[in-house]
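Chemist:
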Amino acid sequence: MEITRTLEPPPSFFQKMRRVLGKYFWGYFFVLPSLLIILLFKLIPLVIGFGISFTNWSLLSSPEFVGLANYAKLFTDPTTGKVFGNTFYYSFLSVPLNLALSLALAMALNQKIRGLAFFRTAYYIPVVAASVAVSAIWVWLLSDFGILNTFLTSIGFHSLNLLQNTKTALTAITLVDVWKNLGFNVVIFLAALQDVPDELRDAAKVDGANSRGIFKNITLPLITPAIFFTAVMGVIGSLQAFDLVYNMSMKHEGGPARATSTVGFYVWQNAFKYSKMGYAAAISFALMAILLVLTIIQWRMRRKWVYGEE
Amino acid sequence: MTTTAIETSYKPKSKVTFGRILVYVLLTLGALIMIVPFIWMLSTSLKDQQQLFAWPPNWWPHPFVWANYTEVMTKVKFGLYGLNTLKITAVVTIGRLILCSMAGYGFARMKFPGKNFLFFLTLATMMISSQITIIPNFIIMRYLGLVDTHLGVILPQLADGFSIFLMRQFFLTFPYELEDAAKLDGCNPLMFYFRILIPNSKAILATLAVMTFQGVWNDFLWPLVMLTSPAKRTLSVGLSYLVGQYTTRWDLQMAGSVLTVLPILILFFLLQKYFVQSIKMTGLKG
Chain R
1 MEITRTLEPP PSFFQKMRRV LGKYFWGYFF VLPSLLIILL FKLIPLVIGF
51 GISFTNWSLL SSPEFVGLAN YAKLFTDPTT GKVFGNTFYY SFLSVPLNLA
101 LSLALAMALN QKIRGLAFFR TAYYIPVVAA SVAVSAIWVW LLSDFGILNT
151 FLTSIGFHSL NLLQNTKTAL TAITLVDVWK NLGFNVVIFL AALQDVPDEL
201 RDAAKVDGAN SRGIFKNITL PLITPAIFFT AVMGVIGSLQ AFDLVYNMSM
251 KHEGGPARAT STVGFYVWQN AFKYSKMGYA AAISFALMAI LLVLTIIQWR
301 MRRKWVYGEE
Chain V
1 MTTTAIETSY KPKSKVTFGR ILVYVLLTLG ALIMIVPFIW MLSTSLKDQQ
51 QLFAWPPNWW PHPFVWANYT EVMTKVKFGL YGLNTLKITA VVTIGRLILC
101 SMAGYGFARM KFPGKNFLFF LTLATMMISS QITIIPNFII MRYLGLVDTH
151 LGVILPQLAD GFSIFLMRQF FLTFPYELED AAKLDGCNPL MFYFRILIPN
201 SKAILATLAV MTFQGVWNDF LWPLVMLTSP AKRTLSVGLS YLVGQYTTRW
251 DLQMAGSVLT VLPILILFFL LQKYFVQSIK MTGLKG
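Taken in order, these protein sequences are the chains called R and V. Under the working numbering, the residue at position 238 of the first sequence is numbered 238, and the numbers go up by one with no gaps. Under the working numbering, the residue at position 212 of the second sequence is numbered 212, and the numbers go up by one with no gaps.
1) Can you tell me the Cα-Cα spacing of residue 24 of chain V and residue 59 of chain V, whole angstroms?
2) Take residue 219 of chain V as the anchor and find which of R:232, R:252, R:209, R:127 has the nearest alpha-carbon.
3) Taking the alpha carbon of residue 249 of chain R as the reference point, which residue from R:78, R:142, R:308 has its own alpha carbon closest?
4) DSSP on residue 65 of chain R, reduced to helix/strand/coil?
5) Kindly list, in the order they appear in chain R, the residues whose Cβ is closer than 7 Å to that of residue 279 of chain V.
6) With distance defined between alpha-carbon atoms, name the residue in V:279, V:180, V:258, V:267 nearest to residue 73 of chain V.
7) Where are the alpha helix (DSSP H) runs, 4 residues long or more, that stay fully inside the stretch 194 to 252 of chain R, in chain order?
8) Hey, does residue 293 of chain R have any beta-carbon neighbour from chain V nearer than 8 Å?
9) Distance check for residue 215 of chain V and residue 133 of chain R, CA to CA, integer angstroms please.
10) Thinking residue 210 of chain V and residue 278 of chain V are a contact (beta carbons under 8 Å), I'd like their distance in whole angstroms, please.
11) 8 Å is my cut-off, CB to CB: does residue 158 of chain R come that close to chain V?
12) Any beta-carbon of chain R closer than 8 Å to the one on residue 243 of chain V?
13) Kindly indicate if chain R contains any beta-carbon less than 8 Å away from that of residue 206 of chain V.
14) What residue ranges within the stretch 51 to 110 of chain V form continuous alpha helix (DSSP H) runs of no fewer than 4 residues, ordered along the chain?
15) Give a yes or no on whether the C-beta atoms belonging to residue 252 of chain R and residue 244 of chain V are separated by under 8 Å.
16) Could you give the distance in angstroms between the alpha-carbon of residue 262 of chain R and the alpha-carbon of residue 160 of chain R?
17) Could you say which of V:148, V:247, V:217 lies nearest to residue 227 of chain V if we only look at CA atoms?
18) Would residue 174 of chain R pass as an interface residue toward chain V - the criterion being a Cβ-Cβ separation below 8 Å?
19) Pick out whichever of V:206, V:140, V:62 has its Cα sitting closest to the Cα of residue 48 of chain V.
20) Thinking just about the alpha-carbon of each residue, which of R:216, R:206, R:296, R:193 is nearest to the one in residue 105 of chain R?
21) Ordered along the chain, which non-local residues of its own chain (more than five positions away) have a Cβ less than 8 Å from that of residue 124 of chain R?
22) I'd like the ranges of any alpha helix (DSSP H) spanning at least 4 consecutive residues and lying wholly in the stretch 12 to 40 of chain R.
23) Once DSSP output is grouped into helix, strand and coil, what is the label at residue 55 of chain R?
24) Is the stretch 35 to 49 of chain R touching the stretch 128 to 142 of chain V, taking contact as three or more C-beta pairs under 8 Å?
25) Listed in chain order, which residues of the stretch 164 to 177 of chain V have Cβ atoms closer than 7 Å to some Cβ of chain R?
26) Could you compute how far the alpha carbon of residue 265 of chain R sits from the alpha carbon of residue 251 of chain V?
27) Is there contact between the stretch 292 to 299 of chain R and the stretch 65 to 81 of chain R, where contact requires at least three CB pairs shorter than 8 Å?
28) Whose Cβ in chain V lies nearer than 7 Å to the Cβ of residue 154 of chain R?
29) Any C-beta of chain V within less than 9 Å: which residues of the stretch 129 to 145 of chain R qualify?
30) Going by DSSP, what residue range makes up the alpha helix (DSSP H) through residue 18 of chain V?
31) For residue 153 of chain R, which residues in the same chain have their Cβ closer than 8 Å to its Cβ, ignoring the five residues on either side in sequence?
32) Shorter than 8 Å from the beta carbon of residue 238 of chain R to some beta carbon of chain V?
33) Is residue 150 of chain V helix, strand or coil by DSSP?
34) Counting only Cβ pairs nearer than 9 Å, list the residues of chain V close to residue 105 of chain R.
35) What residue from V:112, V:175, V:41, V:99 has the CA that sits closest to residue 288 of chain V's CA?
36) Considering residue 307 of chain R, what are the terminal residues of the alpha helix (DSSP H) in which it resides?
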């Protein structure tokens, strides 16, 4: 007995695994590597982050449990109110503006236009450009001696300090966001518009519909899924705005006077500037809660206005 | 010749109307607003300090000042940043293509207990925003001793819910006959994956590759938090520091911006088809 056992080659790791898992081996073999990454860097962090939000951890000392203190502070810290307000402004300005402009552009491009490829490429260039470079370019364009202000002063106006003025800085950054991301929605809307069958429009024309009626009753309903998708993505993206705010505010301070600080920026600042990990985590979970609620509301409303969702 | 014949036969019956001219004018104006800032970036990057503030603006630098680029490459090590960025982006792209295509195949074609739950979990992670994970991930990396390493930047990005979803949707449509035939020929699933599935999924893989490459190349917040020593920086992080350090050297800032943007723009022009495809694919998510 002893001899036969030694003659048999020892089962390799894979063979052992296969014997244990049997016919399910290959399924797990293919999905586990990805799931491991997702578990380690998405799901476990979710739990850890939630835990941290109940502590006053500064990374230097060991964390102390502080209960709901960080969440309570959300309501008393005036800066938190300010950054949430700024973020909502950012969202409410950028999302509808982006949707309206990109839809208009896509409809213009959908009219059997010549040079379609050129226009689409042009509108898409800012989307692929790094947000840091985009920030640098616009800070230079809008700076005191930049091309915009030199032009204004040359025709007798005062120079506009858009990024240094508390009243205009956030709007300026939001508009740069729209400029940068417009092309993404243009491509989505263009694809959706191209999917609207010509026969439907032709039939309506035969029935005597005018172009406004065709748009309102045929085109618009058929592209509502695309509008829904871009709206959801837009809200999620803009509520997390960080790159442009960080890079377009002077010395990365989210100023002037907090005028351009967004929630994403304040999370970063608390965590990695002020070493208030607990408070930063609490803010990020508050933001996540708002995102979840908004997304659920959007999905609920989807049934009312998105075509094909009853 | 045939192509031109086809094109002319499809030529829209365009009547030159006021409305049509207006559409072209507005589209051109819009395109200019999109492109001109980049031309100004390029132009500024080739000027010396005297030329920067000239009025009327000088679009064609005279003379061309290439010194800005050498300065950015030597003083601020943009060459090194480029290599760092390329390394991180390439590893994440290749890794994500392999891992997510594997998982997509598993979820699309394999049977195993807990599959639906695990797939649901994968999809649900798409809702977890980066603001949430950035703090705990930084802390995890601290424990693993991976802060200020490229590996630390790379690891969390190797797999994501959306890419897995995308691959799964594609593999669901893959013909079953091929799989059965391969099985009869004694192919195990791994051989099938490498010899048949992957070679026949080039378009979708290219689309995912382009999408990932662009995202990781331009990624800012995570590398900013993770990479503390100057020599490890990526282009985006390096450019951000450059802008902060040389606040009035617009020429240097724009040279750095060109170096950050140019590689991805070249890639975009070469692989436009896949870029456009990748955006349409993100529309699947809705």
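All residues carry an ideal CB built from backbone N, CA and C; glycine is no exception.
Modeler: Taking the definition as stated:
1) If you number the second sequence from 1, residue 24 of chain V lands on position 24. If you number the second sequence from 1, residue 59 of chain V lands on position 59. Whole-angstrom Cα-Cα distance: 25 Å.
2) Along the second sequence, one-based indexing puts residue 219 of chain V at 219. Of R:232, R:252, R:209, R:127, the residue nearest in Cα terms is R:127.
3) Mapped onto the first sequence, residue 249 of chain R falls at position 249. Closest by alpha carbon: R:142.
4) Within the first sequence, the letter at position 65 stands for residue 65 of chain R. DSSP places residue 65 of chain R in strand when its eight states are reduced to three.
5) The count along the second sequence starts at 1 and reaches residue 279 of chain V at position 279. Neighbours of residue 279 of chain V on chain R, chain order: 184, 187, 188.
6) Residue mapping note: residue 73 of chain V aligns to position 73 of the second sequence, counting from 1. Of the listed residues, the one whose Cα sits closest to residue 73 of chain V is V:258.
7) The stretch 194 to 252 of chain R contains these whole alpha helix (DSSP H) runs: 198 to 206, 211 to 214, 224 to 239, 243 to 248.
8) By one-based count along the first sequence, residue 293 of chain R stands at place 293. It does not; no Cβ of chain V falls within 8 Å.
9) For this step, residue 133 of chain R is matched to residue 133 along the first sequence. For this step, residue 215 of chain V is matched to residue 215 along the second sequence. Approximately 14 Å, taken between the alpha carbons.
10) Counting from 1 along the second sequence, the entry for residue 210 of chain V is found at position 210. Counting from 1 along the second sequence, the entry for residue 278 of chain V is found at position 278. Residue 210 of chain V to residue 278 of chain V, Cβ: 5 Å. Contact.
11) Here residue 158 of chain R refers to the residue found at position 158 of the first sequence. No - not a single Cβ of chain V is within 8 Å of the one on residue 158 of chain R.
12) The residue given as residue 243 of chain V occupies position 243 in the second sequence. Interface residue, yes.
13) Locating residue 206 of chain V in the second sequence gives position 206, counting from the first residue. With 8 Å as the cut-off, residue 206 of chain V does not count as an interface residue toward chain R.
14) 67 to 74, 78 to 109
15) The residue you call residue 252 of chain R lines up with position 252 of the first sequence. The residue you call residue 244 of chain V lines up with position 244 of the second sequence. Yes, they are a contact pair.
16) Mapped onto the first sequence, residue 262 of chain R falls at position 262. Mapped onto the first sequence, residue 160 of chain R falls at position 160. Going from the Cα of residue 262 of chain R to the Cα of residue 160 of chain R covers about 23 Å.
17) Walking along the second sequence from the start, residue 227 of chain V turns up at place 227. Comparing Cα-Cα distances from residue 227 of chain V to each of V:148, V:247, V:217, the minimum goes to V:148.
18) Counted from its first residue, the first sequence places residue 174 of chain R at position 174. Residue 174 of chain R does not count as touching chain V.
19) Here residue 48 of chain V corresponds to residue number 48 of the second sequence, with the count starting at 1. Out of V:206, V:140, V:62, V:62 has the C-alpha closest to the C-alpha of residue 48 of chain V.
20) Translated into positions along the first sequence, residue 105 of chain R becomes position 105. Per the Cα distances, R:193.
21) Here residue 124 of chain R refers to the residue found at position 124 of the first sequence. So the qualifying residues of the chain are 183, 184, 186, 187.
22) Correct list: 13 to 21, 25 to 38.
23) Within the first sequence, numbered from 1, the residue matching residue 55 of chain R stands at position 55. Note: residue 55 of chain R maps to strand in three-state DSSP.
24) yes
25) From the stretch 164 to 177 of chain V, only 164 have a Cβ closer than 7 Å to chain R.
26) Numbered from 1 along the first sequence, position 265 holds the residue referred to as residue 265 of chain R. Numbered from 1 along the second sequence, position 251 holds the residue referred to as residue 251 of chain V. Answer to the nearest angstrom: the Cα atoms are 28 Å apart.
27) no
28) Position 154 of the first sequence, counted from the first residue, corresponds to residue 154 of chain R. Within 7 Å Cβ-Cβ: 55.
29) 129, 130, 131, 132, 133, 134, 135, 136, 137, 138, 139, 140, 141, 143, 145
30) Indexing the second sequence from 1 puts residue 18 of chain V at position 18. Taken as a continuous stretch (DSSP letters only), the alpha helix (DSSP H) holding residue 18 of chain V covers 18 to 45.
31) Taking the first sequence and counting its residues from 1, the one referred to as residue 153 of chain R is at position 153. Setting aside the 5 residues that flank it on each side, residue 153 of chain R is surrounded in the same chain by 159, each with a C-beta closer than 8 Å to its C-beta; the list follows chain order.
32) Along the first sequence, read from residue 1 onward, the residue named residue 238 of chain R stands at position 238. No, residue 238 of chain R does not count as interfacial toward chain V.
33) Residue 150 of chain V sits at position 150 when you count from the first residue of the second sequence. In the structure shown, residue 150 of chain V sits in a helix (DSSP, three-state: H, G or I).
34) Locating residue 105 of chain R in the first sequence gives position 105, counting from the first residue. Here the neighbours are 26, 27, 30.
35) Nothing can be reported for residue 288 of chain V, as the shown portion of chain V is limited to 1 through 286.
36) By one-based count along the first sequence, residue 307 of chain R stands at place 307. It is not in any alpha helix (DSSP H) - residue 307 of chain R carries neither H nor E in the DSSP assignment.
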